[in-house]
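Chemist: Below: one structure in structure tokens.
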Amino acid sequence: MFEPENEIERMLMRAAQEPSERPAFARALLDADIVVVLVPEGGNIVPGPDGNAIIPEGTKLTLPSATRGEEKLLPFFTAPSRARAWFSGDHIAAPERTRDLFGRYPEASFVLNPGSDYGKEFTPAEVKRLLAGHFEEGAETIRIPAGEQLLLGHPSDVPIELIGALSRELSAVKSIRGAWLMLAARAGHPEQSWMLGVDHAGSWSNVQAAINRAVAGDVLKGRPLDAVPLEGSSLASTLRTGIPIFPAKRGFLQRLFR
Numbered sequence: 001m002f003e004p005e006n007e008i009e010r011m012l013m014r015a016a017q018e019p020s021e022r023p024a025f026a027r028a029l030l031d032a033d034i035v036v037v038l039v040p041e042g043g044n045i046v047p048g049p050d051g052n053a054i055i056p057e058g059t060k061l062t063l064p065s066a067t068r069g070e071e072k073l074l075p076f077f078t079a080p081s082r083a084r085a086w087f088s089g090d091h092i093a094a095p096e097r098t099r100d101l102f103g104r105y106p107e108a109s110f111v112l113n114p115g116s117d118y119g120k121e122f123t124p125a126e127v128k129r130l131l132a133g134h135f136e137e138g139a140e141t142i143r144i145p146a147g148e149q150l151l152l153g154h155p156s157d158v159p160i161e162l163i164g165a166l167s168r169e170l171s172a173v174k175s176i177r178g179a180w181l182m183l184a185a186r187a188g189h190p191e192q193s194w195m196l197g198v199d200h201a202g203s204w205s206n207v208q209a210a211i212n213r214a215v216a217g218d219v220l221k222g223r224p225l226d227a228v229p230l231e232g233s234s235l236a237s238t239l240r241t242g243i244p245i246f247p248a249k250r251g252f253l254q255r256l257f258r
């Protein structure tokens with residue numbers, strides 16, 4: 001039975017039950033005070049007279065790994081009790097901040113509360129996405145400010161699963177006339193994102209809903225996706241050279257090339 005001990009655990013439980021709560025949890029977790037397990041190498045931890053741990057000189061403290069199959073993940077915890085429940089050996093439950101932990105190991109995979117009823121795994125791509133300030137699991141609609149540097153390119157590895165999911169959902173929306181996908185590198189954003197340009201006639205909320213349905217699973221693999229309405233966008237001509245999500249509708253092609 002998981003009884004929440006603090007606010008971040010209450011947010012974790014809500015996020016597990018309500019997908020709409022997940023962006024708020026991710027944002028709060030990034031700057032939350034969490035706990036890591038430190039294990040001694042070359043010595044033993046002994047309790048001092050005041051109850052605090054005494055670490056013998058020369059003892060090295062390391063982070064243990066959790067495993068899933070052959071993959072190693074760095075564990076962290078929402079409370080000292082979650083750490084003690086997972087690691088029963090000699091250790092220190094040390095305070096840490098999630099942002100600092102992620103920043104020190106940006107290429108690592110992490111797991112929150114291994115062995116607990118409530119936890120979450122974080123891939124390296126997801127860690128980078130969170131550090132870049134992307135907290136939404138679905139697509140974000142953006143407008144590119146005038147003068148902002150943006151590089152668009154074609155991916156070396158075509159995201160077949162993502163394209164299939166987007167094609168399935170977007171082709172069912174009658175107001176969408178065409179959609180194209182490229183990789184984008186934006187100034188001030190350390191990680192590349194997907195850039196989806198959409199030609200549509202109608203409510204953008206219908207487009208957004210279709211995109212969010214498409215990426216509801218793990219098709220993004222932790223990489224952010226930004227969606228751009230192409231009507232009046234300076235990116236329109238470039239994005240239309242990207243990967244077509246589905247064949248543009250005939251009426252649109254007639255207007256474009258006549």
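Per full-length UniProt numbering, the sequence shown starts with residue 1, numbered consecutively. Cβ atoms here follow ideal geometry from the backbone N, Cα and C, with glycine treated the same way.
(1) Rounded C-beta distance between Ser-131 and His-91? I'm assuming under 8 Å.
(2) Any idea if Gly-119 is buried or exposed, counting beta-carbon neighbours within 10 angstroms, 16 or more meaning buried?
(3) Using the rule of at least 16 other Cβ atoms within 10 Å of the residue's Cβ for burial, across every protein chain shown, is Gly-197 buried or exposed?
(4) Would residue 346 and Gly-242 qualify as a contact pair, given that the criterion is a beta-carbon distance under 7 Å?
(5) Where does Asn-6 land, buried or exposed, given buried means 16+ other C-beta within 10 angstroms?
(6) Whole alpha helix (DSSP H) runs in the region 95 to 168 with 4 or more residues, listed along the chain?
(7) Quick one: grab the DSSP three-state call for Val-228.
(8) Using the three-state DSSP reduction, which class does Leu-179 fall into: helix, strand or coil?
(9) Residue range of the beta strand (DSSP E) that Ser-81 falls in?
(10) Does the distance from the C-beta atom of Asp-199 to that of Arg-177 stay below 7 Å?
(11) Using the Cα positions of Phe-102 and Ser-116, report the straight-line distance between them to the nearest angstrom.
(12) Would you check if the region 75 to 85 and the region 17 to 36 touch, i.e. whether three or more CB-CB distances between them fall below 8 Å?
(13) For Glu-231 and Ala-83, I'd like the C-alpha separation in whole angstroms.
(14) With distances taken between CB atoms, is the gap from Thr-98 to Leu-12 smaller than 7 Å?
(15) Between which residues of its own chain and Ala-214 is the CB-CB distance below 6 Å, once the five residues before and five after are set aside?
(16) Helix, strand or coil for Met-195 per DSSP?
(17) Return the Cβ separation of Pro-106 and Lys-72 in integer angstroms, given the expectation that the two are a contact with Cβ distance under 8 Å.
(18) So, at 8 Å on beta carbons, what are the nonlocal neighbours of Trp-194 in its own chain, with the 5 sequence-adjacent residues on each side left out?
(19) Can you grab the Cα-Cα spacing for the pair Gln-192 / Met-1, in whole Å?
(20) Which residues in the same chain as Ala-94 place their Cβ atom closer than 6 Å to its Cβ, once the five residues preceding and following it in sequence are excluded?
(21) So for Arg-14, helix, strand or coil by DSSP?
(22) Give me, in chain order, the residues of the same chain whose beta-carbon lies closer than 7 Å to that of Ile-8; leave out the 5 immediate sequence neighbours on both sides.
(23) Skipping 5 residues on each side, what residues in its chain have a beta carbon closer than 6 Å to that of Ala-201?
Modeler: Considering the structure as presented:
(1) The displayed chain sequence assigns Leu, not Ser, to residue 131. Wrong, their Cβ atoms sit about 27 Å apart, outside the cutoff.
(2) buried
(3) buried
(4) Absent from the structure is residue 346, since the part of the chain shown begins at 1 and ends at 258.
(5) exposed
(6) 98 to 104, 124 to 131
(7) strand
(8) Note that residue 179 corresponds to Ala in the displayed sequence, not to Leu. In this structure, Ala-179 counts as strand in the three-state DSSP scheme.
(9) Where Ser-81 is concerned, there is no enclosing beta strand (DSSP E), although the alpha helix (DSSP H) it sits in stretches over 80 to 86.
(10) yes
(11) 21 Å
(12) yes
(13) 52 Å
(14) no
(15) Ala-165, Leu-166, Glu-169
(16) strand
(17) Actually they do not touch by this definition, with Cβ atoms about 15 Å apart.
(18) Pro-159, Leu-162, Leu-181, Met-182, Leu-183, Ala-184, Leu-220, Arg-223, Pro-224, Leu-225, Asp-226
(19) 40 Å
(20) Val-36, Leu-38
(21) helix
(22) Ala-28, Leu-29, Ala-32, Thr-78
(23) Ser-175
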